[in-house]
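Chains as they are written, first to last, in the numbering used here: chain A, 1 to 118; chain B, 1 to 118.
In this text, a Cβ means the ideal position worked out from N, Cα and C, and glycines have one as well.
Data first, discussion second: the structure below is written as structure tokens.
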DNA sequence: CAGATATATTTAATTTACGATATATATGAT
DNA sequence: ATCATATATATCGTAAATTAAATATATCTG
């Protein structure tokens, strides 16, 4: 899967829930839906649906492990797209919204283990 | 204008006409509406309206000079946003669509002069 | 002022995105 | 087979984006 539709990347990042997911995944490496749901304080079906959109756009990839499905930034993205995501995550990391997401994630009780990359 | 709404940047880039405008502006520095209209082979009102959206999102700024209005990537954008645009322009430069836009621009007869930065 | 050119705005029709809620599927355990 | 948990999908009402076409505004020139 070499090429990506450029507008689709930006369209995928143009929604706040999706952007917060991607920023968290860029920062943390791999997260499951329940971690993202907890971190964003969002409804599970909403998170799931937005992750599906991200997957269809090629922005994230998923991996099932038992009951959990772990998402991460798609490692097959072209370099420029990975650079875009890196830039955004860096530039947004200390904004309150994204900061709170990370805090809530790290203080989540009983986080599932078995993550590939920390 | 220090802060930008992050999703707005990506929303602005999520439309192909707007993305092509921004990539051209990033490559060429400053262009007027008629140059963009010619390069994209698009309808003038469409280009104008999309440029207005880009301006409202803070992605581009404009400068009137006589009859012409010159647009450029907003120099007051935060660094991460400029980096995003730079990454995208670099990564997309040799795709056929963006290549053709640049070719058409450079072969445009009677391009208006008086550009600030080439 | 009239005319020409560059650009902007408006309108209406269509499509698409969104959030909320309900429901379905999949996996593992008993 | 049943139950519990994690995740996914479907439906619906509504808001927002997009396009095309018509029209308006602004600036320069004579």
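Inset, instruction - Would you check if the segment 97 to 114 of chain B and the segment 31 to 38 of chain B touch, i.e. whether three or more CB-CB distances between them fall below 8 Å? - result: Taking a contact to require three or more Cβ pairs closer than 8 Å, the segment 31 to 38 of chain B and the segment 97 to 114 of chain B qualify as touching.
Legend entry - Three CB pairs or more closer than 8 Å across the segment 19 to 31 of chain A and the segment 75 to 92 of chain A: Under the three-pair Cβ rule at 8 Å, the segment 19 to 31 of chain A counts as touching the segment 75 to 92 of chain A.
Inset, instruction - Go to residue 101 (chain B), then tell me how far its alpha helix (DSSP H) extends in each direction, as first and last residue. - result: Per DSSP, residue 101 (chain B) belongs to the alpha helix (DSSP H) from 96 to 106.
Inset, instruction - Drop a sphere of 10 angstroms on the beta-carbon of residue 14 (chain B), count the other beta-carbons inside from all chains shown, and report buried for 16 or more, exposed for fewer. - result: With 16 or more Cβ atoms within 10 Å of its Cβ, residue 14 (chain B) is classed as buried.
Legend entry - chain B residues whose Cβ lies nearer than 9 Å to that of residue 15 (chain A): Residues of chain B whose Cβ lies closer than 9 Å to the Cβ of residue 15 (chain A) are, in chain order, 7, 10 and 11.
Inset, instruction - Just mark residue 31 (chain B) as buried or exposed, buried being the case when its beta carbon has 16 or more other beta carbons within 10 Å. - result: Of the other Cβ atoms in all chains shown, 16 or more fall within 10 Å of the Cβ of residue 31 (chain B); this residue is therefore buried.
Inset, instruction - Pull up the distance between the alpha-carbon of residue 81 (chain B) and that of residue 10 (chain A), whole angstroms please. - result: Near 12 Å, if we compare the C-alpha coordinates of residue 10 (chain A) and residue 81 (chain B).
Legend entry - chain A contact for residue 79 (chain B) (CB, 8 Å cutoff): For residue 79 (chain B), the nearest CB of chain A lies under 8 Å from its own CB, placing it at the interface with that chain.
Inset, instruction - Report the partner residues of residue 60 (chain B) according to the DSSP bridge assignment. - result: Within the DSSP secondary-structure output, residue 60 (chain B) pairs in a beta bridge with B:73.
Inset, instruction - Please say whether residue 84 (chain A) and residue 22 (chain A) have beta carbons closer to each other than 8 Å? - result: No; because the gap between Cβ atoms is not below 8 Å, this pair is not in contact.
Legend entry - Integer Cβ distance of residue 17 (chain A) from residue 77 (chain A), believed to fall under 8 Å: Approximately 20 Å separates the beta-carbon atoms of residue 17 (chain A) and residue 77 (chain A); this is outside 8 Å, ruling out the contact.
Legend entry - Paired residues, beta bridge with residue 125 (chain B) - DSSP: Nothing about residue 125 (chain B) can be reported from this structure: the residues present for chain B run from 1 to 118 only.
Legend entry - Below-8 Å beta-carbon distance, residue 87 (chain B) vs any chain A residue: Interface residue, yes.
Inset, instruction - Select from A:20, A:12, A:111 and A:8 the residue whose C-alpha is nearest the C-alpha of residue 68 (chain A). - result: Among A:20, A:12, A:111 and A:8, the Cα nearest to that of residue 68 (chain A) is on A:111.
Inset, instruction - From the DSSP output, in three-state form, read off residue 13 (chain A) for me. - result: Shown here, residue 13 (chain A) sits in coil according to DSSP, grouped into three states, outside any helix or strand.
Legend entry - Exposed unless 16 or more other CB atoms sit within 10 angstroms - verdict on residue 12 (chain B): Buried, because 16 or more other Cβ atoms sit within 10 Å of the Cβ of residue 12 (chain B).
Inset, instruction - Look at residue 62 (chain A) and residue 70 (chain A) and say whether their C-beta atoms are less than 8 Å apart. - result: Closer than 8 Å, so yes.
Inset, instruction - Using a cut-off of 7 Å between C-beta atoms, extract the partners of residue 84 (chain A) located in chain B. - result: In chain order: 84, 87 and 88.
Legend entry - Members of the segment 17 to 44 of chain B near chain A, C-beta cut-off 8 Å: Here the close residues are 19.
Inset, instruction - With 8 Å as the threshold, decide whether the Cβ of residue 91 (chain B) is near any Cβ in chain A. - result: Residue 91 (chain B) counts as touching chain A.
Legend entry - Cβ shell of residue 118 (chain A) (< 7 Å), same chain only, five flanking positions each side left out: Because residue 118 (chain A) sits at a pLDDT of 36, beneath the cut-off of 50, its placement in the model cannot be relied upon, and the point is left open.
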